[in-house]
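Engineer: Questions regarding the structure given below will be posed in turn.
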Amino acid sequence: MTNLAEFLENSAQSYPDRTAIVFGDTRLSYPQVNGAANQVANLLVSRGIEPGDKVALSCPNLPYFTIVYYGILKAGATVVPLNVLLKGREVAYHLADSDAKAYFAFQGTPDLPIGQEAYDGFQAADGCEHFFVITADPTAPSPIEGTETLGQGLAGQAPTFDSVDVSDDDTAVILYTSGTTGQPKGAELRHRNMRDNALAGKDLFGADPANPDTFLCVLPLFHSFGQTVIQNGAFAFGGTVVMLPRFEAAAAIGLMLKEKVSFFAGVPTMYWGLLNALDESVDVKALAENLRVAVAGGAALPVEVHHQFEERFGVVILEGYGLSETSPVASFSRLGSPVRVGSIGTPIPGVEMKLLEGDTWDEVKDPDGIGEIAIKGHNIMKGYYKRPEATAASISEDGWFRSGDLGRKDSDGWYYIVDRSKDMIIRGGFNVYPREIEEVLLTHPAVSLAAVIGVPHESHGEEIKAFVILKSGASATPEEIVAWGKEQMAAYKYPRIVEVVDSLPMTATGKILKRELS
């Protein structure tokens, strides 16, 4: 097996009667999904897309995401999944930076208005030649004048296709991630990175094609967690993916009961939501009887949530750790092992982890010491697309990747996150990088200086707070800056809290002391 798309092809051949995707009243078998993905591959080839070309995709958790995703891979191209909340200028940056030749974007609904922003970004980006609007009704005309719908593009395309042969080291996916250097950068993940990470589900979660799981897909598929653990993890073993475009606790519980969901993966805020949605009308006993595995990642899981979920659902949440650059899973707690609340587990099979001393590549010698977590193994990215210097700074010559996270290790080799050496904020499971927000705020006509931090929030984990100094003679209220930021940035990025200040604490060299802000 080489091409990641073979997960779909093999399951379509081996399990022709199994349901691959459930969305509302729609149930698609593996052969149906495979045939539709073949049509997408034929469409791309007919438009001149060649192996190695980049194809972007903006789509929430709908069957279209999976169909287009595997269709791109079948054509030998590279998938560039984009966050569905990006604004037009952000879309334009990602398309240009990834050298995308084609772009599929869901038109959306009043709740998910992706299409117009996507098209605005497409028009502003140089080099992207083809734009396909994904509509909820594949027979409907394009809602964006002058564009072609996916349905129109697929008309007449054959449902058979011989997947392009690729090598293990060819890039399957480019996932965009930000950092302290400002603009988002694309992590190139090989076919073998994504494949081996998904196959780890056998050892980690007891995945068994003879007794396949039913997965509730509430994690966004454009993110590596949902893509690998849910979509690819399910398709690797003939499981069923039940899709929910937007997490709503009551709706999630309803689907868990209706579809007898056995595998749930989510960020801590989702577990918090599920617990708060349990009332007398919910058959908690049935939920617990169906649920076999619950996994959490993206942020630290509160101890109280951990204990309450085990008490109500009868399942111990398995916590894990990873990054986009690690495909994403690097470590996990083990199914059947005694739980260690607060731990991110041990490295998954084929992966090593260690703690680094300061800015060096030397391992921390103190057994109780704290250091930056470094990771090595089959899951490490090829590098940052078109950024050799950033790649060299992150990956050593012998293959160790610097995570930017500080951790410790106990005597049994279980790891614990202590702090983040980067300034990253995790809001509701989404990574938010202060410098990017600060740079946008500095484009406001009244803002002279800005500092962004994360502050504790009951349901989101962290909320984004901005401290701003206004230009001399300028005026702007916190409410006005919040409203402006909402127009300029994706919904998960813009600061909900703004405080106008006269000065910011700084070091002698002029660096803002964010630890003194709250």
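Going by UniProt numbering, the first residue of the sequence shown is number 1, and it counts up by one from there.
Just so it is clear, CB atoms sit at the ideal spot from N, CA and C, and this is done for glycine as well.
Treat the numbers as computed from the prediction; the structure is a model and nothing was measured.
(1) Leaving out five residues before and five after residue 49 in sequence, what residues of the same chain have Cβ atoms less than 7 Å from its Cβ?
(2) Would you call residue 276 buried or exposed, if buried means 16 or more other Cβ atoms sit within 10 Å of its Cβ?
(3) Applying the criterion that 16 or more other CB atoms from any shown protein chain within 10 Å of the CB defines a buried residue, is residue 17 buried or exposed?
(4) Give the secondary structure of residue 243 by DSSP, where H, G and I count as helix, E and B as strand, and everything else as coil.
(5) Can you tell me which of the three DSSP states residue 326 falls into?
(6) Could you pull out every unbroken beta strand (DSSP E) segment of at least 3 residues lying fully inside the stretch 295 to 324, listed in chain order?
(7) Just reading off the alpha helix (DSSP H) that residue 194 is part of, what are its end residues?
(8) Going by beta-carbon coordinates alone, are residue 309 and residue 318 separated by less than 8 Å?
(9) Taking the beta carbon of residue 139 as the centre, do at least 16 other beta carbons fall within 10 Å, making it buried, or is it exposed?
(10) On the three-state DSSP scale, how would you describe residue 353?
(11) Going by CA-CA distance only, name the one from 387, 374, 461 that's closest to residue 398.
(12) Using alpha carbons as the reference points, say which of 31, 99, 88 lies closest to residue 70.
(13) According to DSSP, what are the bridge partners of residue 470?
(14) At which residues does the beta strand (DSSP E) containing residue 81 begin and terminate?
(15) In angstroms with no decimal places, state the Cα-to-Cα distance between residue 197 and residue 294.
(16) Which residues in the same chain as residue 161 place their Cβ atom closer than 7 Å to its Cβ, once the five residues preceding and following it in sequence are excluded?
(17) How big is the Cα-Cα spacing for residue 25 and residue 242?
(18) Which one or two residues does DSSP pair with residue 233 in a beta bridge?
(19) Starting from residue 435, follow the alpha helix (DSSP H) in both directions and report where the run begins and ends.
(20) Is the beta carbon of residue 72 closer than 8 Å to that of residue 385?
(21) Between the stretch 232 to 240 and the stretch 6 to 17, do three or more beta carbon pairs fall short of 8 Å?
(22) Cβ of residue 426 within 8 Å of Cβ of residue 464?
(23) Residues in the same chain with beta-carbon distance under 6 Å from residue 400, minus the five sequence neighbours each way, listed in chain order, please.
(24) Per DSSP, what kind of secondary structure is residue 515 in: helix, strand or coil?
(25) Quick check: what's the CA-CA separation for residue 179 versus residue 343?
(26) Is there at least one non-hydrogen atom of the ligand COA closer than 7 Å to the beta-carbon of residue 402?
(27) Do you know how far the Cα of residue 322 is from the Cα of residue 351?
(28) For residue 188, count neighbouring C-beta atoms within 10 Å of its own C-beta (all shown protein chains included) and say buried if the count is 16 or more, exposed if not.
(29) Which parts of the stretch 62 to 139 are runs of the beta strand (DSSP E), unbroken and 3 residues or longer, counting only runs that do not cross its ends?
Structural biologist: Taking the structure as given:
(1) Translated into positions along the sequence shown, residue 49 becomes position 49. If we look at residue 49 and ignore the five residues flanking it on each side, its Cβ neighbours are 55, 75, 77, 101, 102.
(2) Position 276 of the sequence shown, counting from 1, holds the residue named residue 276. It is exposed - the Cβ of residue 276 has fewer than 16 other Cβ atoms within 10 Å.
(3) Looking up residue 17 in the sequence shown gives position 17. Exposed.
(4) Taking the sequence shown and counting its residues from 1, the one referred to as residue 243 is at position 243. Of the three classes helix, strand and coil, the one that applies to residue 243 here is strand, per DSSP.
(5) As a working mapping, residue 326 is identified with position 326 in the sequence shown. Three-state DSSP puts residue 326 in a helix.
(6) 318 to 322
(7) To locate residue 194, count along the sequence shown from 1; it is residue 194. From DSSP, the alpha helix (DSSP H) with residue 194 extends over 191 to 199.
(8) The sequence position of residue 309 within the sequence shown is 309, counting from 1. The sequence position of residue 318 within the sequence shown is 318, counting from 1. No, the pair does not count as a contact, with Cβ atoms beyond the cut-off.
(9) Position 139 of the sequence shown holds residue 139. Residue 139 should be labelled exposed.
(10) As a first step, residue 353 is located in the sequence shown; it is residue number 353 there, counting from the start. Of the three classes helix, strand and coil, the one that applies to residue 353 here is strand, per DSSP.
(11) Locating residue 398 in the sequence shown gives position 398, counting from the first residue. The shortest C-alpha separation from residue 398 is found at 374.
(12) The residue given as residue 70 occupies position 70 in the sequence shown. If we check each option's Cα against that of residue 70, 31 comes out closest.
(13) Here residue 470 refers to the residue found at position 470 of the sequence shown. Answer is 447, bridged to residue 470.
(14) Your numbering for residue 81 matches position 81 in the sequence shown. That run of the beta strand (DSSP E) goes 78 to 81.
(15) Here residue 197 refers to the residue found at position 197 when the sequence shown is read from its first residue. Here residue 294 refers to the residue found at position 294 when the sequence shown is read from its first residue. Residue 197 and residue 294: Cα-Cα distance of roughly 18 Å.
(16) By 1-based counting over the sequence shown, the position of residue 161 is 161. Contacts found: 38, 41, 42, 74.
(17) As a working note, residue 25 is residue 25 in the sequence shown. As a working note, residue 242 is residue 242 in the sequence shown. Their Cα atoms are separated by approximately 11 Å.
(18) As a first step, residue 233 is located in the sequence shown; it is residue number 233 there, counting from the start. For residue 233, which the question treats as bridged, DSSP gives no partner whatsoever.
(19) As a position in the sequence shown, residue 435 is number 435, starting the count at 1. Taken as a continuous stretch (DSSP letters only), the alpha helix (DSSP H) holding residue 435 covers 434 to 441.
(20) Position 385 of the sequence shown, counted from the first residue, corresponds to residue 385. Position 72 of the sequence shown, counted from the first residue, corresponds to residue 72. Going by C-beta atoms, residue 385 is not nearer than 8 Å to residue 72.
(21) yes
(22) In the sequence shown, counting from the first residue as 1, residue 426 sits at position 426. In the sequence shown, counting from the first residue as 1, residue 464 sits at position 464. Contact: no.
(23) Position 400 of the sequence shown, counting from 1, holds the residue named residue 400. Hits under 6 Å: 374, 376.
(24) The residue labelled residue 515 in the question sits at position 515 within the sequence shown. Residue 515 falls in the helix class under three-state DSSP.
(25) Taking the first residue of the sequence shown as position 1, residue 179 is located at position 179. Taking the first residue of the sequence shown as position 1, residue 343 is located at position 343. Note that residue 179 has pLDDT 49, beneath the 50 cutoff, so the model's placement of it is unreliable and no number is given.
(26) Ligands in the displayed structure: none, and consequently the ligand COA is not present.
(27) Locating residue 351 in the sequence shown gives position 351, counting from the first residue. Locating residue 322 in the sequence shown gives position 322, counting from the first residue. Roughly 11 Å separates the two Cα atoms.
(28) Within the sequence shown, numbered from 1, the residue matching residue 188 stands at position 188. So residue 188 ends up on the buried side.
(29) 78 to 81, 100 to 106, 130 to 134
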